[in-house]
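Engineer: Chains as they are written, first to last, in our numbering: chain A, 43 to 232; chain B, 43 to 232. Just so it is clear, CB atoms sit at the ideal spot from N, CA and C, and this is done for glycine as well. As the structure is a computational prediction, the values presented were derived from the model and not from experiment.
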DNA sequence: AGGTTTATTGAGCGATCACTCAAGATTATA
DNA sequence: TATAATCTTGAGTGATCGCTCAATAAACCT
């Protein structure tokens, strides 16, 4: 009985994510989304419900992708190699709509207004931190990193420094690759 | 001939800075500013010209204050002591409207829109980085830090990690003091 | 006091915000 | 082919955006 939608929902979410990632939540208007997604208001709301609901879906997509990318790096370079490579990759990826982390940007933008999506972004960051901790544990199991360190503390620090690096990469005139290199050297010295 | 304004312009800028700092540029409306500054639209525009012009003044104020705070810490604890104390102070300051750096927030929010104020924020961050570099140089002169390191590289890394720390401090459930402690220990190990 | 200059007020400007909904188009089943 | 279900369209909602300006009030000058 139905009529099938003309759009690819998955592709739409990716494009919306890139727009939100670059421009932020408040900085992205419905007009922007309608233009990029080629959707009239009616279709947009039928498909996603609201701007906030779509934003939430894009954050989920972003977090999933991050986990996949990290896992792929572990597969290719091993735990320590992945931890050392990830910052460099993130900072030199010319295809990304922004260097900074979308979840960090969201926390900064939304927590000051006590928006519920700030907590959602934070939850995704916690998930990511747990993934980092697991990679640190794996590196310790393999003997790549001394078992004397607490994996959770390592992951917390790693994520914090990574967010700093990615903000630095967003700035004009900052040699982010040099910072990434220093991070990597610091990890190998553990 | 004139009539004197009833407000204290300096105080107004401080209050506006706190509001912008907490809520960001787009997140702060003229209505918000009028309420907090107790200014009608006419007075507001007579005093500041535009929302953007006031935002620019608040960033300048913010950057000046940061420099002053760092200088005071150097006076009290010496160069290395100041560098070690600064992150901890910033993260435990309950009076601040936000933990994250206002300039970092501004760069993230505005650079995606190619707003000219993003470059202004970046310029202030560069000034701050130069101040950090000078403190590192002073620490080396005093023998508190090995002269083998490049002060500029140290400052760049310090600023990057500090931004990460301050974002972490903005999050719920993150022990930012622990990260600050680790940063401090890392500096003393130089 | 009279005149000049500046500050304050608040109604209201056009533009844009996120969002709604009725009408028409398209595709399924009966 | 008729009917039902869904999708697409776009004009239009009230609210809010940053901002203007003419009218009024207050403080200085001669």
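What are the complete alpha helix (DSSP H) segments, minimum 4 residues, inside the segment 138-188 of chain A?
Structural biologist: 144-153, 158-183
Engineer: Quick one: any contact between the segment 85-99 of chain A and the segment 166-178 of chain A, if contact means 3 or more CB pairs under 8 Å?
Structural biologist: no
Engineer: Give me the chain B residues within the contact set of residue 213 of chain A, using Cβ-Cβ distance strictly less than 7 Å, ordered along the chain.
Structural biologist: Going along chain B in sequence order, the residues near residue 213 of chain A (Cβ under 7 Å) are 149, 164, 167.
Engineer: With DSSP as the reference, label residue 64 of chain A as helix, strand or coil.
Structural biologist: helix
Engineer: Mind checking the segment 102-115 of chain B against chain A and listing, in chain order, the residues whose C-beta falls within less than 7 Å of any C-beta there?
Structural biologist: none
Engineer: Can you give me the Cβ contacts of residue 115 of chain A inside the same chain, cut-off strictly under 7 Å, excluding the 5 residues immediately before and after it?
Structural biologist: 124, 127, 128
Engineer: Ends of the alpha helix (DSSP H) at residue 82 of chain B?
Structural biologist: Where residue 82 of chain B is concerned, there is no enclosing alpha helix (DSSP H), given that its DSSP letter is neither H nor E.
Engineer: So with CB distances below 8 Å, who are the chain B contacts of residue 224 of chain A?
Structural biologist: 195, 199
Engineer: Just confirm the distance between the C-beta atoms of residue 227 of chain A and residue 120 of chain A, as a whole number of angstroms; I'd bet it's less than 8 Å.
Structural biologist: Actually they are not in contact, since the Cβ atoms of residue 227 of chain A and residue 120 of chain A sit about 17 Å apart, beyond 8 Å.
Engineer: Measure the beta-carbon distance from residue 152 of chain B to residue 67 of chain B and round it to whole angstroms, keeping in mind my assumption that it falls under 8 Å.
Structural biologist: 6 Å
Engineer: Rounded C-beta distance between residue 209 of chain B and residue 146 of chain A? I'm assuming under 8 Å.
Structural biologist: 5 Å
Engineer: Helix, strand or coil for residue 52 of chain A? Go by DSSP, reduced to three states.
Structural biologist: helix
Engineer: Which term fits residue 200 of chain A, buried or exposed, when burial requires 16 or more other beta carbons within 10 angstroms of its beta carbon?
Structural biologist: Around the beta carbon of residue 200 of chain A, 16 or more other beta carbons lie within 10 angstroms, which makes this residue buried.
Engineer: Ends of the alpha helix (DSSP H) at residue 191 of chain B?
Structural biologist: No alpha helix (DSSP H) contains residue 191 of chain B, which DSSP labels as neither H nor E.
Engineer: Buried or exposed, going by whether 16 or more other CB atoms sit within 10 Å of the CB of residue 164 of chain B?
Structural biologist: The C-beta of residue 164 of chain B has 16 or more other C-beta atoms within 10 Å across all chains shown, which makes the residue buried.
Engineer: Assign residue 105 of chain A to buried or exposed, taking buried as 16 or more other Cβ atoms, counted over all protein chains shown, within 10 Å of its Cβ.
Structural biologist: Its Cβ being crowded by 16 or more others within 10 Å, residue 105 of chain A is buried.
Engineer: Please classify residue 198 of chain A as buried or exposed, where buried requires at least 16 neighbouring CB atoms within 10 angstroms.
Structural biologist: buried
Engineer: Rounded to whole angstroms, what is the Cα-Cα separation between residue 203 of chain A and residue 51 of chain A?
Structural biologist: 34 Å
Engineer: Any residues in the segment 115-149 of chain A with a beta carbon nearer than 7 Å to a beta carbon of chain B? Which ones, in chain order?
Structural biologist: 140, 142, 146, 147, 149
Engineer: Hey, out of A:182, A:183, A:113, A:101, whose CA is closest to residue 143 of chain A's CA?
Structural biologist: A:101
Engineer: Given this structure, state the Cα-to-Cα distance separating residue 160 of chain B from residue 103 of chain B, to the nearest angstrom.
Structural biologist: 16 Å
Engineer: Alpha carbon to alpha carbon, how far is residue 218 of chain A from residue 113 of chain A? Give it in angstroms, no decimals.
Structural biologist: 23 Å
Engineer: Please identify, using Cβ separations under 7 Å, the residues of the segment 44-69 of chain B that lie next to chain A, in order along the chain.
Structural biologist: 64, 65, 66, 68, 69
Engineer: With DSSP as the reference, label residue 196 of chain A as helix, strand or coil.
Structural biologist: helix
Engineer: Going by DSSP, what residue range makes up the alpha helix (DSSP H) through residue 105 of chain A?
Structural biologist: Here the alpha helix (DSSP H) through residue 105 of chain A covers 93-134.
Engineer: Kindly list, in the order they appear in chain A, the residues whose Cβ is closer than 7 Å to that of residue 221 of chain B.
Structural biologist: 198, 199, 202
Engineer: Cα separation between residue 21 of chain B and residue 80 of chain B?
Structural biologist: No answer is possible for residue 21 of chain B: the residues shown for chain B start at 43 and end at 232.
Engineer: Would you call the CB atoms of residue 132 of chain B and residue 211 of chain B closer than 9 Å?
Structural biologist: yes
Engineer: Please compile the residues from chain A whose C-beta is within a distance smaller than 8 Å of the C-beta of residue 207 of chain B.
Structural biologist: Taking a Cβ-Cβ threshold of 8 Å, the residues of chain A close to residue 207 of chain B are 202, 206, in chain order.
Engineer: Within the same chain, show all residues whose beta-carbon is closer than 8 Å to that of residue 230 of chain B, passing over the 5 residues directly before and after it, in chain order.
Structural biologist: Only 122, 126 meet the Cβ criterion.
Engineer: Assign residue 213 of chain B to one of two classes, buried (16 or more other C-beta atoms within 10 Å of its C-beta) or exposed (fewer than that).
Structural biologist: Classification for residue 213 of chain B: buried.
Engineer: Helix, strand or coil for residue 75 of chain B? Go by DSSP, reduced to three states.
Structural biologist: helix
Engineer: Between the C-alpha atoms of residue 193 of chain A and residue 207 of chain B, what's the straight-line distance to the nearest angstrom?
Structural biologist: 18 Å
Engineer: Assuming residue 155 of chain A contacts residue 154 of chain B under a Cβ cut-off of 8 Å, what Cβ separation, rounded to an integer in Å, is found between them?
Structural biologist: Actually they do not touch by this definition, with Cβ atoms about 18 Å apart.
Engineer: Using a Cβ cut-off of 7 Å, pull out every chain B residue sitting near residue 154 of chain A, in sequence order please.
Structural biologist: 64, 65, 66, 69, 140
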